[in-house]
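S.K.: Mind having a look at this structure? Questions to follow.
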Amino acid sequence: MNDGFQHFNLWGERTSKSIDPLVMKLNASFAFDVRLYQEDIDSSLAWARGLVLVGVLSQKELLTICQGLETIRLEFLEERFNPSPSDEDIHTAVERRLMEIIGPTAGKLHTGRSRNDQVATDFRLWVMRACDALLPTIIDLCQALLERAEAGREVVLPGYTHLQHAQPITWAHWILSHFWSLIRDKGRFAAVRDSAAILPLGSGALAGTSFPINRQAIAEELGFKAISQNSIDAVADRDFALEFLFALALMGVHLSRFSEMLILFNSREFGFVELDEAYTTGSSLMPQKKNPDPLELARGKTGRLIGHLTSLLVTLKSLPSAYDKDLQEDKEPVFDAFDTASSLLPVLSGLIRTLTLNPNRMAAQLEPALLATDITDELVRRGVPFREAHRWVSRAVRVAEERGVPLNSLQQEDLRLINERFEMDLSQVLDIHSSLEKRTASGGTSQSALSTQILAAHQALGRSSSK
Ligand code: ARG
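Here the numbering used here is used: the first residue of the sequence shown is 97, the next is one more, and so on.
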């Protein structure tokens, strides 16, 4: 077994003893950082080109190295890559295999480079690509929300604060509230991508490289926007990974809030919406059950996303200068958080597109007390100070409640008992549609404000309105 470990000795002759197999196992990250193979090969190709310009590699050697690396890429792609027990991580695995394929020329590739700047480069490149992969799925979910908003402009339901009936809103307005939080997430992933796009390669182990490598050219070739300015910082900086995890955790928080409301709305008690059966699961015991599992998982997996962010924050806290092996713990939370979000987003898009609304159930909940604010607003328009109006109306609500009648059944004499200046025909004021329509200020419930909002939503998605 130990022979295998000695097969490719990364540390040269530094140690006389072979490493304990359990230490080797503990130390190894190949099982998970194999996901960086594309990025490792891409950054090695760019590095090799850089080495030609400083005279370390000839054109011929470059060609041999490039062909060797492409052969390895194909082996990974076609799942033919044979890891060796000595492959501590993806970087050693690729170098070991290159040696096997092209011989001693492979040994020149690591000139002026350390795994410390290599892993930072590969990981940044991976996060950049992960952001690119996530963005279309976030945009599609936003698109699904927007489609449902446009189709539900006239559907009215109670709006809630403290999960209590507050004021009437439209379905479009409600669903767009979740659209906007996702739009902020979209912006966050674009910003994380920019944060990640700083090239560490050329920082060596911590002190830079003594070969006059054109780092800028490597950055451009790999799609980085700039190069790092301090080699010590460059090999230790994992801010981009934290920012990525934060963006994922916050997106999870947004999705969990949305999911929680849909779970409630889908319950028998609310009955505002019905999930398509393709998005529910049955119970092994209770034949009547249709469970909203995808929404519960969106809610539940958010715990995991927050956990990954916390885990990396704690790993990074108090780390001494430059690279420490603790940093190897940065990858698994990032990979898992990405996988979690990637599996959730398309399911939520489908769930939203197939959801059935039940406007009658929503309308049944539109009790007149939802319009209590409209009565105070009307009194204010007639010159009553707001605080006083609020007192009168809250008393009217209590009177109606005590009598067990709807608010709009109170008559003029009932109101006059509360205050002699409280003169109003409540049946005139208490109209849901005019209440919605009164809120014309941008961001409000009126149809004109909603049209403006929908237009802005299309613009936020980078599209022109379909209407
Ligand atoms: N597998 C390591 C990681 O993921 C690569 C860097 C190792 N560097 C070192 N000096 N041991 O962080």
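Heads up, the beta-carbon is just placed ideally off N, CA and C, and yes, glycines get one too. Keep in mind that this is a model prediction, so the values were computed, not measured.
For the beta strand (DSSP E) holding Tyr133, just list the boundary residues, first then last.
M.R.: Per DSSP, Tyr133 belongs to no beta strand (DSSP E); it is in the alpha helix (DSSP H), 133 to 149.
S.K.: Are the CB atoms of Thr469 and Gln263 nearer to each other than 8 Å?
M.R.: Yes, these two residues count as a Cβ contact at 8 Å.
S.K.: Can you check the stretch 515 to 542 for any alpha helix (DSSP H) of at least 4 residues that lies completely inside it and give the ranges in chain order?
M.R.: Segments of the alpha helix (DSSP H) lying fully in the stretch 515 to 542: 522 to 525, 528 to 534.
S.K.: Excluding the 5 residues flanking Leu318 on each side, which residues of the same chain have their C-beta closer than 6 Å to its C-beta?
M.R.: Here the set comprises Ala142.
S.K.: For Phe482, is the classification buried or exposed, using 16 other Cβ atoms within 10 angstroms of its Cβ as the cut-off for buried?
M.R.: The residue is exposed, with fewer than 16 neighbouring Cβ atoms inside 10 Å.
S.K.: With distances taken Cα to Cα, identify the nearest neighbour of Ile471 among Leu511, Thr452, Trp270.
M.R.: Residue Leu511 is the option with its Cα nearest to Ile471.
S.K.: Thinking Ala485 and Leu503 are a contact (beta carbons under 8 Å), I'd like their distance in whole angstroms, please.
M.R.: That pair is no contact at about 15 Å.
S.K.: The beta strand (DSSP E) with Ile265 in it runs from where to where?
M.R.: Its beta strand (DSSP E) spans residues 260 to 266.
S.K.: Excluding the 5 residues flanking Ile235 on each side, which residues of the same chain have their C-beta closer than 7 Å to its C-beta?
M.R.: Closer than 7 Å at Cβ, skipping near neighbours: Lys282, Leu557.
S.K.: So, is Val119 buried or exposed, given that buried needs 16 or more other C-beta atoms within 10 angstroms?
M.R.: With fewer than 16 other Cβ atoms within 10 Å, it is exposed.
S.K.: Exposed or buried, which one is Asp129 when buried takes at least 16 other CB atoms within 10 Å?
M.R.: Looking at its Cβ environment, which holds 16 or more other Cβ atoms inside 10 Å, Asp129 is buried.
S.K.: With hydrogens ignored, establish whether the beta-carbon of His187 is closer than 7 Å to any heavy atom of ligand 1.
M.R.: Under cutoff, so the answer is yes.
S.K.: Short of 7 Å in beta carbon distance, which residues of its chain neighbour Lys397, apart from the five on each side in sequence? Order them along the chain.
M.R.: Closer than 7 Å at Cβ, skipping near neighbours: Gly348, Thr436, Leu440.
S.K.: What residues in its chain sit with their C-beta under 7 Å from that of Ser538, if we drop five residues either side in the sequence?
M.R.: Answer for Ser538: Ala545, Thr548, listed in chain order.
S.K.: With hydrogens ignored, establish whether the beta-carbon of Arg211 is closer than 7 Å to any heavy atom of ligand 1.
M.R.: Result yes, Cβ under 7 Å from ligand 1.
S.K.: Who does His387 pair with in a DSSP beta bridge?
M.R.: Contrary to the premise, residue 387 reads as Asn rather than His in this sequence. DSSP lists Thr377 as partners of Asn387.
S.K.: Answer with buried or exposed for Ser531, where buried requires no fewer than 16 other C-beta atoms within 10 angstroms of its C-beta.
M.R.: Buried.
S.K.: Tell me whether Tyr133 counts as near ligand 3, meaning its Cβ is closer than 7 Å to at least one heavy atom of that ligand.
M.R.: Ligand 3 is not part of the structure shown, which contains ligand 1 as its ligands.
S.K.: Return yes when the Cβ of Val331 is within less than 8 Å of the Cβ of Leu295, no when it is not.
M.R.: Not a contact, by the Cβ cut-off of 8 Å.
S.K.: Give the range of the beta strand (DSSP E) segment to which Pro254 is assigned.
M.R.: Run containing Pro254: 252 to 257, per the beta strand (DSSP E) assignment.
S.K.: Within 10 Å of its beta-carbon, does Pro388 have 16 or more other beta-carbons around it, so buried, or fewer, so exposed?
M.R.: The residue in question, Pro388, is buried, as its Cβ has 16 or more Cβ neighbours within 10 Å.
S.K.: When you compare each of Gln134, Leu122, Cys238 to Pro442 by their alpha carbons, which one comes out closest?
M.R.: That would be Cys238, whose Cα lies nearest to the Cα of Pro442.
S.K.: Under the rule that 16 or more other beta-carbon atoms within 10 Å means buried, what is Met520, buried or exposed?
M.R.: Its Cβ being crowded by 16 or more others within 10 Å, Met520 is buried.
S.K.: DSSP three-state call for Val480: helix, strand or coil?
M.R.: DSSP places Val480 in coil when its eight states are reduced to three.
S.K.: Going by other Cβ atoms of all chains shown within 10 Å of its Cβ, with 16 needed for buried, is Ala553 buried or exposed?
M.R.: The residue in question, Ala553, is buried, as its Cβ has 16 or more Cβ neighbours within 10 Å.
S.K.: Kindly list the residues whose CB is nearer than 6 Å to the CB of Gly208, restricted to its own chain and excluding five residues on each side of it in sequence; keep chain order.
M.R.: Only Thr305, Phe307 meet the Cβ criterion.
S.K.: Is there contact here, the stretch 443 to 455 with the stretch 363 to 375, by at least three beta-carbon pairs under 8 Å?
M.R.: Cβ pair count under 8 Å is three or more, so yes.
S.K.: Measure from the alpha carbon of Gly300 to the alpha carbon of each residue in Arg249, Val489, Ser210, Ala315, then state which is nearest.
M.R.: It is Ser210.
S.K.: Taking the continuous alpha helix (DSSP H) assigned at Gly343, which residues delimit it?
M.R.: One point to set straight first is that residue 343 is Ala, not Gly, in the sequence displayed. It spans 335 to 361 - the alpha helix (DSSP H) in which Ala343 sits, taken as one unbroken run.
S.K.: Let me know the secondary structure DSSP gives Glu463 once reduced to three states.
M.R.: Looking at Glu463 - three-state DSSP - the assignment turns out to be coil, as it is neither helix nor strand.
S.K.: Can you find a heavy atom of ligand 1 that lies under 7 Å from the Cβ of Lys421?
M.R.: Yes, since a heavy atom of ligand 1 falls inside the 7 Å radius drawn around the Cβ of Lys421.
S.K.: Taking Leu462 as the reference, give the member of Pro254, Val288, Gly248, Ser363 with the closest Cα.
M.R.: The shortest C-alpha separation from Leu462 is found at Pro254.
S.K.: Report whether the distance from the Cβ of Val130 to the nearest heavy atom of ligand 1 is below 7 Å.
M.R.: No, the Cβ of Val130 stays beyond 7 Å of every heavy atom of ligand 1.
S.K.: Which residues does DSSP pair with Ala127 in a beta bridge?
M.R.: Looking at the DSSP assignment, Ala127 forms no beta bridge with any residue, so it has no partner.
S.K.: With DSSP collapsed to three states, give me the class of Ala418.
M.R.: Correct three-state label for Ala418: coil.
S.K.: Assess contact between the stretch 351 to 359 and the stretch 379 to 394, defined as three or more Cβ pairs (one per stretch) separated by less than 8 Å. Is contact present?
M.R.: They touch, by the three-pair rule.
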